[in-house]
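Protein chains: 4
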Amino acid sequence: MSVEQETVEFEVGEQRQDYRFFTSIPTRWNDNDMLGHVNNVVYYSYFEAVVIQFLMQETAVDWVKGPVSPLAVETLCRFRRSLSFPMIVDAGLRVDKIGNTSVTYSIGLFPQDEDLISAYGHFVHVYVDRATEKPTPIPDDIRATYERFL
Amino acid sequence: MSVEQETVEFEVGEQRQDYRFFTSIPTRWNDNDMLGHVNNVVYYSYFEAVVIQFLMQETAVDWVKGPVSPLAVETLCRFRRSLSFPMIVDAGLRVDKIGNTSVTYSIGLFPQDEDLISAYGHFVHVYVDRATEKPTPIPDDIRATYERFL
Amino acid sequence: MSVEQETVEFEVGEQRQDYRFFTSIPTRWNDNDMLGHVNNVVYYSYFEAVVIQFLMQETAVDWVKGPVSPLAVETLCRFRRSLSFPMIVDAGLRVDKIGNTSVTYSIGLFPQDEDLISAYGHFVHVYVDRATEKPTPIPDDIRATYERFL
Amino acid sequence: MSVEQETVEFEVGEQRQDYRFFTSIPTRWNDNDMLGHVNNVVYYSYFEAVVIQFLMQETAVDWVKGPVSPLAVETLCRFRRSLSFPMIVDAGLRVDKIGNTSVTYSIGLFPQDEDLISAYGHFVHVYVDRATEKPTPIPDDIRATYERFL
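Chains as they are written, first to last, in our numbering: chain A, 2 to 151; chain B, 2 to 151; chain C, 2 to 151; chain D, 2 to 151.
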């Protein structure tokens with residue numbers, strides 16, 4: 002029935018000092034679900050927010066129109082402690098692995114002014130040529146940025 | 002900087018026949034993002050939909066008010082081919098692993114009437130006692146259901 | 002302090018027979034908010050769903066790439082009875098007013114298999130030239146369709 | 002076919018000075034839809050954000066558990082100029098009308114540091130007794146707050 006066995010390994014950072022880049026995200030009322038906490042799905046929008054903020058602020062990637070752009074191929078989140086509205090979430094990112102065509106970001110979510118992590122995980126981008134949709138090497142300037150945030 | 006090494010292993014099913022329970026989810030216009038495809042975050046709402054539909058239809062779990070209820074502790078998704086609006090998504094689930102207090106569902110997303118998978122991943126529930134918030138054994142009747150969907 | 006007085010008038014249809022076109026929308030778990038009902042904001046995604054389904058099914062409008070496309074300029078919703086997950090919502094639409102460049106749809110939301118309305122409102126589209134972003138007359142073929150759904 | 006004629010009148014404020022209370026909302030990547038602008042539905046989540054922030058900051062209303070709580074009965078939005086990610090939206094609110102059991106807020110959305118309004122509308126709350134779900138007079142302390150924000 003199963004066709005292969007896969008392994009995901011990544012470095013876990015549980016403290017703020019384990020992350021290199023931060024953005025703050027105010028939760029919204031309808032981020033909460035019926036259980037009174039931020040819905041699990043919404044954590045990934047916070048992941049997305051810090052990745053996009055990082056790319057916008059630190060690189061020249063144009064992922065909407067550029068000829069080479071990053072495509073999400075895998076995301077993972079482990080939920081430790083609930084986040085909820087109202088709260089400001091600090092989302093931390095560091096670059097965990099840089100491959101030829103792909104990069105893995107480690108991400109951690111913290112309630113503002115708290116050191117105890119709420120959730121952590123990773124987000125893997127593969128760079129693709131927009132025309133062919135094939136993986137392509139990470140552009141040099143972006144790779145250099147990634148190296149600064151390892 | 003990193004505090005531990007973790008490993009995620011799960012059985013991958015790439016075909017419809019690898020799944021035991023299905024639900025159909027019409028995509029919505031605003032599931033699509035600026036790139037014209039379903040936003041990566043939204044795939045997890047499809048994961049959530051099939052897990053909840055499975056629990057509602059096949060078990061007596063009351064995860065809003067029951068004394069013992071399942072809590073998501075980890076989700077993962079690998080993105081292979083884009084989904085987009087308009088489209089109906091068939092979300093397949095099978096039970097991959099049953100522990101003492103936790104269960105891992107394998108999930109696959111297929112465009113309706115297609116056999117080629119778009120995305121797959123897993124979703125891990127831990128059963129907790131609502132009062133103490135501590136893990137507690139999976140109730141017997143629910144365990145029996147899980148065994149039927151292995 | 003206020004700069005003008007405005008008036009909104011529209012025909013209210015409270016019964017299924019008052020609508021000419023229907024689409025069915027399964028609610029999603031995270032459509033519900035902390036109060037256990039579909040969040041008010043989400044009703045507008047159901048409005049959007051029926052308008053888009055109507056345009057896709059009954060007209061040749063290409064609102065993403067066409068040279069002339071409809072732009073939402075006003076929406077309104079009155080909330081009468083709660084919708085909630087799990088439930089299938091039947092969204093009904095009829096064309097209420099056809100102007101030179103704009104069209105007003107009346108929309109009603111019903112729980113499936115119920116005749117009592119949950120919410121109703123309207124949605125106003127103005128046709129604009131994509132290049133100039135100026136209002137432009139409704140294309141004849143689309144106008145003809147609208148007339149059939151008055 | 003139609004059963005009644007209804008009229009909505011409200012005071013329009015097109016400038017920042019027309020509003021009495023503000024909150025800032027960073028847009029999110031997936032607030033944008035395929036057209037590259039904030040989806041119309043999402044404007045209502047900004048409306049909701051300013052109303053909730055106002056109630057949390059200025060009143061003692063507990064709309065999740067209190068015996069008397071406000072229920073949204075009508076919302077309306079007029080779209081003038083697009084909002085989009087990335088951008089911070091300043092949402093302004095003033096109290097427009099205070100009835101016996103209901104209150105109407107006027108709301109305006111502005112791109113941060115701009116005076117030209119993007120969208121405006123209103124949001125009507127009716128106070129209800131949670132047990133009976135019947136309208137009930139606005140509590141005196143909340144009414145006093147509303148009067149300060151007229």
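Ideal placement from N, C-alpha and C gives every residue a C-beta, glycine not left out. Given the structure is predicted, the values throughout are model-derived calculations rather than measurements.
Below-8 angstroms beta-carbon distance, residue i vs any chain C residue
i	result
B:GLN6	Legend: pLDDT at B:GLN6 = 37, less than 50; position of this residue unreliable, value from coordinates given subsequently. It does not; no Cβ of chain C falls within 8 angstroms.
B:SER46	yes
A:GLY37	yes
A:ASN101	no
D:ALA145	no
Inter-residue Cα distance where the pair is residue i and residue j
i	j	result
B:ILE143	B:THR76	20 angstroms
A:LEU84	A:SER119	7 angstroms
C:THR146	C:GLN58	11 angstroms
B:GLY109	A:ASN41	18 angstroms
D:ASP1	D:THR60	There is no way to answer for residue 1 of chain D, as the model of chain D reaches only from 2 to 151.
D:PRO138	D:ASP130	9 angstroms
D:ALA132	D:LEU117	43 angstroms
D:ASP141	D:LEU151	15 angstroms
D:GLU36	D:PRO112	Per the sequence shown, residue 36 of chain D should be read as Leu rather than Glu. Straight-line Cα distance between these residues: approximately 18 angstroms.
A:SER46	D:TRP30	8 angstroms
C:PHE55	A:ARG17	49 angstroms
C:HIS38	B:GLU115	34 angstroms
Beta carbon proximity, residue i to chain A, threshold 8 angstroms
i	result
B:LEU110	no
B:ASN41	yes
C:MET57	no
D:ALA50	yes
D:ILE53	yes
B:VAL96	no
B:GLU148	no
B:GLU115	no
B:VAL69	no
B:THR76	yes
Below-8 angstroms beta-carbon distance, residue i vs any chain B residue
i	result
C:ARG29	yes
A:ARG131	no
A:PHE80	yes
A:ALA92	no
Cβ of residue i within 8 angstroms of any chain D Cβ
i	result
A:ILE89	no
C:PHE84	Checking the sequence, you will find Leu at residue 84 of chain C rather than Phe. Chain D contact via Cβ: absent.
B:ASP34	yes
C:THR105	no
C:VAL62	no
C:THR137	no
Residue i Cβ short of 7 angstroms to the ligand NAP heavy atom set
i	result
A:HIS123	In the structure on display, the ligand NAP does not appear, and there are no ligands present to speak of.
Same chain only: Cβ atoms within 6 angstroms of residue i, ignoring 5 sequence neighbours per side
i	result
B:ILE99	TYR147
A:ILE53	none
B:ARG21	ARG95 and PHE150
C:PHE48	ILE108 and PHE124
Same chain only: Cβ atoms within 7 angstroms of residue i, ignoring 5 sequence neighbours per side
i	result
A:VAL43	ASP32
B:PRO27	ILE89
B:LYS135	VAL129
A:ASP34	ASN40
B:THR102	VAL127, TYR128, PRO136, THR137, PRO138 and ILE139
C:PRO87	THR28
Sequence-distant residues of its chain with Cβ nearer than 8 angstroms to residue i (five each side left out)
i	result
A:GLU5	Confidence is the limiting factor: at A:GLU5 the pLDDT is only 38, short of 50, which leaves the residue's position unreliable and the question unanswerable from this model.
D:TYR121	VAL13, GLY14, GLU15, CYS78, ARG79, ARG81, SER107, ILE108, GLY109 and LEU110
A:ALA50	THR24, ILE26 and ALA92
C:SER70	VAL62, ASP63, TRP64, TYR128, VAL129 and ARG131
Exercise. Curious, which full-length alpha helix (DSSP H) runs of at least 4 residues does the region 42-90 of chain B contain?
Worked result: none
Exercise. Is the region 57-65 of chain D touching the region 62-82 of chain C in the sense that three or more CB pairs, one from each, lie closer than 8 angstroms?
Worked result: no
Exercise. Are the region 125-133 of chain B and the region 10-30 of chain C in contact at 8 angstroms, needing three or more beta carbon pairs?
Worked result: no
Problem set entry | Complete beta strand (DSSP E) runs within the region 80-149 of chain B (minimum length 3 residues, chain order) | 89-99, 103-112 and 120-130
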